[in-house]
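Residue numbers (numbering that gives the first Met the number 0), protein chains in the order written: chain A, 0 to 398; chain B, 0 to 219.
No residue lacks a Cβ here, since even glycine has one placed at the ideal position from N, Cα and C.
Here the structure comes first, spelled out in structure tokens, and everything after it is commentary.
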Amino acid sequence: MNIFKISWLNILRKPLNTALTLIMLALGVALVAVLIQVSASLDEGFRKNIRGIDMAVGAKGSPLQLILSAIYHIDHPTGNIPLTEARELAAHPMVKEAVELSYGDSYKGRRIVGTSHRYPEWYEVGVKQGRLWEKTFEATVGAEVAQEFGLEVGDTFYSAHGSDAEAEVHDDHPFTVVGIFEPSGTVIDRLLLTAQESMWDLHADHGTPAEADSLDEKQITAMLLRFKSKMGILTLPRYVNQQTSMQAALPSIEVNRLFDLFGIGFTALRIVAIVIVVLGAISIFVSMLNTLKERSYEIALIRSMGALRRQVFTMVIIEALVLGVLGYVLGIILAHGGLLLLSEGAGSRFGISIDAFSLRPEEIWLFGLILGLCVLSAVVPAIRAVRMDVSAVLTSHTQ
Amino acid sequence: MEKKQSPVDENKILQSSGLKYSYPGQKALELPDLSCEPAGKLLITGQSGSGKTTLLHLISGLLRIQQGDVKLLGESLKGMSQSALDRFRGRHIGLVFQQARFISSLRVIDNVCAAQYFGTGKSDRQEAMRLLEALGIQSKAQGYTQGLSGGERQRLSIARALASKPEVVMADEPTSSLDDVHAEAVYHLLSTECSSRGASLIVVSHDQRLKDKFQNVVSL
Chain A
0 MNIFKISWLN ILRKPLNTAL TLIMLALGVA LVAVLIQVSA SLDEGFRKNI
50 RGIDMAVGAK GSPLQLILSA IYHIDHPTGN IPLTEARELA AHPMVKEAVE
100 LSYGDSYKGR RIVGTSHRYP EWYEVGVKQG RLWEKTFEAT VGAEVAQEFG
150 LEVGDTFYSA HGSDAEAEVH DDHPFTVVGI FEPSGTVIDR LLLTAQESMW
200 DLHADHGTPA EADSLDEKQI TAMLLRFKSK MGILTLPRYV NQQTSMQAAL
250 PSIEVNRLFD LFGIGFTALR IVAIVIVVLG AISIFVSMLN TLKERSYEIA
300 LIRSMGALRR QVFTMVIIEA LVLGVLGYVL GIILAHGGLL LLSEGAGSRF
350 GISIDAFSLR PEEIWLFGLI LGLCVLSAVV PAIRAVRMDV SAVLTSHTQ
Chain B
0 MEKKQSPVDE NKILQSSGLK YSYPGQKALE LPDLSCEPAG KLLITGQSGS
50 GKTTLLHLIS GLLRIQQGDV KLLGESLKGM SQSALDRFRG RHIGLVFQQA
100 RFISSLRVID NVCAAQYFGT GKSDRQEAMR LLEALGIQSK AQGYTQGLSG
150 GERQRLSIAR ALASKPEVVM ADEPTSSLDD VHAEAVYHLL STECSSRGAS
200 LIVVSHDQRL KDKFQNVVSL
């Protein structure tokens with residue numbers, strides 16, 4: 000026999016009240032935990048794919064679109080830029096390395112990117128099967144693409160113009176799969192990489208003037224750059240935007256802008272979640288005050304048996320703490336169960352990975368917050384229980 | 000402390016003197032002086048409203064003393080802090096109330112264990128079971144108190160009062176709501192269980208049937 004046992008049995012005595020309180024606490028906790036996990040994974044996913052890329056250049060247009068298309072491949076290209084101009088910029092003394100990208104074509108909605116071997120190197124993605132492309136119309140495909148469409152080394156496929164799955168197919172030039180990348184959780188998983196020349200050849204045959212230029216006036220879609228020092232960030236974007244026909248965008252700035260946009264939604268959801276958690280705490284407060292009336296005689300009884308005021312206080316607080324712990328555990332189970340289901344879909348769509356089996360530090364803080372709220376909501380009922388006039392309660396019930 | 004040493008006090012388990020108590024906005028109740036021998040029996044009678052329960056609550060430390068003093072086991076209750084009073088009551092006094100009510104979320108035996116725990120700081124299940132056996136309700140030990148009959152409830156409330164092995168058992172109207180047969184049975188139980196354990200019995204009641212069972216009677 001101890002105070003904890005009595006507290007625990009008191010909680011069980013009101014199953015409906017307890018269930019209602021737990022549901023509110025658990026839902027609030029679950030919502031907050033999902034928000035914590037998703038926003039952190041999104042953040043990580045986006046930042047992971049920056050990979051030291053200091054600047055992207057492409058055709059003039061929206062800088063956010065340039066970043067979303069050139070780095071994350073989730074938006075349409077802004078247009079093309081002349082290869083000669085891009086190479087001039089790549090030779091700038093402040094530029095350490097550059098990767099040229101030609102994209103716009105796709106295979107069943109997955110983007111085909113003409114580039115150099117440096118691109119997968121930047122992402123530290125190795126080949127799991129086969130090898131990297133060497134000649135035109137050889138392709139090394141991302142792990143996810145290979146898995147999704149059952150592509151294997153030796154298979155052939157045709158590219159389609161544009162990025163829609165139903166777009167016009169270039170059926171005269173089949174690509175051959177020569178290798179498959181290892182899964183990396185980066186943007187490479189969702190791409191089919193090939194030699195830049197493949198893209199030029201493909202569109203030269205088509206004869207569209209914009210894309211089939213003479214060798215001197217070749218075009219690429221975008222170029223990613225790494226600087227020798229961060230000082231480049233101060234001077235190069237302005238140089239590109241003012242002195243060339245190209246546009247420069249800084250991924251760190253654009254990603255922050257994007258998160259500011261997301262942020263409004265996250266903040267709104269977070270407020271909803273906190274309101275639910277607070278309602279759960281208020282529910283503890285109200286149901287404790289209510290049951291205090293019914294329990295006053297029992298509390299007077301245990302005082303008459305010799306229970307100290309602080310023991311009564313502790314008993315009430317323990318009840319709230321137990322509800323808090325149960326609510327938190329249920330909420331986390333709910334959230335992580337949901338995340339487990341969600342991570343399958345979200346992973347491939349946004350290139351983020353959610354580890355449903357680990358807690359983030361914010362979720363641990365959330366535990367403290369919930370316990371704190373529960374204790375806070377129990378303080379007033381506990382003080383009332385302590386201040387009770389034992390003699391009066393015992394007398395009023397005997398007459 | 001000096002008074003505690005005096006020879007008169009040591010022979011008495013309970014002594015009260017000059018007790019007066021006033022509830023807010025009411026005239027002060029003047030309460031008679033009491034005394035009780037170790038293992039003795041004392042009946043306090045009086046009409047309802049005469050202050051019997053107030054007196055009982057004063058001598059058991061449930062009410063703080065305003066005027067006068069109570070000495071229980073040679074210790075003055077007047078100077079004790081609230082928690083000292085609570086501890087003292089739990090350790091030395093067993094209380095029986097008119098209505099036998101319990102902690103409803105606890106099993107019968109756990110109600111006895113709870114009284115042991117709050118009274119002495121630890122509980123002893125075997126001892127609790129022996130008490131239930133002595134009062135003839137051991138078969139109900141694992142049930143809940145809602146399932147007890149009226150008679151069984153009275154027995155359990157006596158078991159609970161004895162749980163922390165108190166020197167004094169104080170009962171507030173233990174028989175008033177019972178018929179003659181049950182009133183006699185409850186009195187008999189209280190009386191025999193207290194004397195077999197060497198505990199004093201102090202009963203507060205307006206029940207006339209109890210009058211001739213006590214030598215030591217104080218009327219209010």
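Meets three-Cβ-pair contact criterion under 8 Å: the region 35–54 of chain A and the region 216–235 of chain A: Yes, the region 35–54 of chain A touches the region 216–235 of chain A.
Residues of the region 291–306 of chain A whose Cβ lies closer than 8 Å to any Cβ of chain B, in chain order: 296, 297, 300, 301, 302, 303, 304, 305 and 306
Residue 73 (chain A), DSSP secondary structure in three states: Here residue 73 (chain A) refers to the residue found at position 74 of the first sequence. DSSP places residue 73 (chain A) in coil when its eight states are reduced to three.
Exposure label - residue 10 (chain A); buried when at least 16 CB within 10 Å: Working through the first sequence from its first residue, we reach residue 10 (chain A) at position 11. Under this definition residue 10 (chain A) is a buried residue.
Integer-rounded CB distance, given that residue 53 (chain B) should sit under 8 Å from residue 62 (chain B): As a working mapping, residue 62 (chain B) is identified with position 63 in the second sequence. As a working mapping, residue 53 (chain B) is identified with position 54 in the second sequence. Sure, about 7 Å apart at Cβ, within 8 Å.
Beta-carbon neighbours of residue 44 (chain B), restricted to chain A and to distances below 7 Å: As a working mapping, residue 44 (chain B) is identified with position 45 in the second sequence. The premise fails here: residue 44 (chain B) is roughly 16 Å from chain A at the closest Cβ pair, so nothing lies under 7 Å.
Alpha-carbon to alpha-carbon, residue 24 (chain A) and residue 181 (chain B): Position 182 of the second sequence, counted from the first residue, corresponds to residue 181 (chain B). Position 25 of the first sequence, counted from the first residue, corresponds to residue 24 (chain A). The alpha-carbon atoms of residue 181 (chain B) and residue 24 (chain A) are separated by roughly 50 Å.
Of the listed residues A:182, A:79, A:285 and A:1, nearest to residue 218 (chain A) (C-alpha basis): Numbered from 1 along the first sequence, position 219 holds the residue referred to as residue 218 (chain A). When each option's Cα is compared against that of residue 218 (chain A), the closest is A:79.
Residue range of the beta strand (DSSP E) that includes residue 225 (chain A): As a first step, residue 225 (chain A) is located in the first sequence; it is residue number 226 there, counting from the start. Segment 221–226, the beta strand (DSSP E) holding residue 225 (chain A).
Cutoff 8 Å: residue 117 (chain B) Cβ touching any chain A Cβ: Taking the second sequence and counting its residues from 1, one reaches residue 117 (chain B) at position 118. At least one CB of chain A lies nearer than 8 Å to the CB of residue 117 (chain B).
Contact set between the region 126–158 of chain B and chain A, restricted to residues whose Cβ is under 7 Å from the partner: none
Simplified DSSP assignment, three categories, for residue 87 (chain B): Here residue 87 (chain B) corresponds to residue number 88 of the second sequence, with the count starting at 1. Of the three classes helix, strand and coil, the one that applies to residue 87 (chain B) here is helix, per DSSP.
Amino acids of chain A, ordered along the chain, whose beta-carbon sits closer than 8 Å to that of residue 220 (chain B): Given that chain B is displayed from residue 0 to residue 219, the structure contains no residue 220 (chain B) and the question cannot be resolved.
8 Å contact criterion, which residue 172 (chain B) and residue 216 (chain B) should meet: CB distance rounded: Against the second sequence, residue 172 (chain B) aligns to sequence position 173. Against the second sequence, residue 216 (chain B) aligns to sequence position 217. That belief does not hold up - the Cβ atoms of residue 172 (chain B) and residue 216 (chain B) are roughly 15 Å apart, past 8 Å.
Chain-ordered neighbours of residue 389 (chain A) on chain B, where CB pairs are closer than 7 Å: Numbered from 1 along the first sequence, position 390 holds the residue referred to as residue 389 (chain A). Per Cβ cutoff of 7 Å: 61.
Beta-carbon spacing of residue 117 (chain A), residue 178 (chain A) below 8 Å: Here the question's residue 117 (chain A) lines up with position 118 in the first sequence. Here the question's residue 178 (chain A) lines up with position 179 in the first sequence. Remark: C-beta atoms of residue 117 (chain A) and residue 178 (chain A) do not approach each other more closely than 8 Å.
Contact set for residue 232 (chain A): own chain, Cβ-Cβ below 8 Å, skip 5 residues either direction: Mapped onto the first sequence, residue 232 (chain A) falls at position 233. The answer, listed in chain order, is 53, 54, 226 and 249.
Range of the contiguous beta strand (DSSP E) that encloses residue 124 (chain A): As a first step, residue 124 (chain A) must be located in the first sequence, where it is residue number 125. Note, residue 124 (chain A): premise wrong, no beta strand (DSSP E); not H, not E.
Reduced DSSP secondary structure (H/G/I, E/B, other) of residue 258 (chain A): Here residue 258 (chain A) refers to the residue found at position 259 when the first sequence is read from its first residue. In this structure, residue 258 (chain A) counts as helix in the three-state DSSP scheme.
C-beta atoms of residue 87 (chain A) and residue 245 (chain A) nearer than 8 Å: Counting from 1 along the first sequence, the entry for residue 87 (chain A) is found at position 88. Counting from 1 along the first sequence, the entry for residue 245 (chain A) is found at position 246. Not closer than 8 Å, so no.
Nearest residue (CA-CA) to residue 338 (chain A), options A:356, A:298, A:122 and A:136: Locating residue 338 (chain A) in the first sequence gives position 339, where the first residue counts as 1. Checked all of A:356, A:298, A:122 and A:136; the closest Cα to residue 338 (chain A) is A:356.
Burial state of residue 114 (chain A) (16 or more Cβ within 10 Å): As a position in the first sequence, residue 114 (chain A) is number 115, starting the count at 1. When all chains shown are included, residue 114 (chain A) counts as buried.
Integer Cβ distance of residue 422 (chain A) from residue 196 (chain B), believed to fall under 8 Å: In the structure displayed, chain A extends from 0 to 398; residue 422 (chain A) sits before or after that span and is not available.
contact_flag[the region 20–36 of chain A, the region 277–293 of chain A] where n(CB pairs < 8 Å) is 3 or more: Verdict: yes, contact present.
Beta carbon of residue 7 (chain A) nearer than 8 Å to that of residue 328 (chain A): To locate residue 7 (chain A), count along the first sequence from 1; it is residue 8. To locate residue 328 (chain A), count along the first sequence from 1; it is residue 329. No, these two residues do not count as a Cβ contact at 8 Å.
For residue 98 (chain B) and residue 184 (chain B), the rounded distance between their alpha carbons: Start at 1 with the first residue of the second sequence, and residue 184 (chain B) comes out as number 185. Start at 1 with the first residue of the second sequence, and residue 98 (chain B) comes out as number 99. If you take the alpha carbons of residue 184 (chain B) and residue 98 (chain B), they lie about 16 Å apart.
Presumed contact (8 Å Cβ cut-off) between residue 161 (chain B) and residue 131 (chain B), rounded CB distance: Within the second sequence, residue 161 (chain B) is the residue found at index 162, counting from 1. Within the second sequence, residue 131 (chain B) is the residue found at index 132, counting from 1. With a Cβ gap of about 11 Å, residue 161 (chain B) and residue 131 (chain B) do not count as contacting.
Beta-carbon contacts of residue 190 (chain B) that lie in its chain and below 8 Å, excluding the five residues immediately before and after: Taking the second sequence and counting its residues from 1, one reaches residue 190 (chain B) at position 191. For residue 190 (chain B), where only same-chain residues beyond five positions count, the Cβ hits under 8 Å are 40, 200 and 212.
Length of the line joining the Cα atoms of residue 267 (chain A) and residue 107 (chain A): Position 268 of the first sequence holds residue 267 (chain A). Position 108 of the first sequence holds residue 107 (chain A). Going from the Cα of residue 267 (chain A) to the Cα of residue 107 (chain A) covers about 36 Å.
Three CB pairs or more closer than 8 Å across the region 371–387 of chain A and the region 56–72 of chain B: No, because fewer than three Cβ pairs between the region 371–387 of chain A and the region 56–72 of chain B fall closer than 8 Å, the two stretches do not touch.
Three-state secondary structure (DSSP) of residue 179 (chain B): Counting from one through the second sequence, the residue named residue 179 (chain B) turns up at place 180. In this structure, residue 179 (chain B) counts as helix in the three-state DSSP scheme.
Same chain, Cβ closer than 6 Å to residue 26 (chain B), five either side skipped, listed in chain order: Position 27 of the second sequence, counted from the first residue, corresponds to residue 26 (chain B). Within the same chain, residue 26 (chain B) has no close Cβ partners at all.
Collapsed DSSP secondary structure at residue 146 (chain A) in the structure displayed: The residue you call residue 146 (chain A) lines up with position 147 of the first sequence. Here residue 146 (chain A) sits in helix by DSSP.
Interface flag, residue 78 (chain B) vs chain A, CB-CB below 8 Å: Walking along the second sequence from the start, residue 78 (chain B) turns up at place 79. By this cut-off, residue 78 (chain B) is not an interface position.
CA nearest to the CA of residue 219 (chain B), picked from B:143, B:10, B:33 and B:11: Here residue 219 (chain B) is taken as the residue at index 220 of the second sequence, counted from 1. Relative to the Cα of residue 219 (chain B), the nearest Cα in the group B:143, B:10, B:33 and B:11 belongs to B:33.
Inside the region 31–90 of chain A only - beta strand (DSSP E) runs reaching at least 3 residues: 54–58
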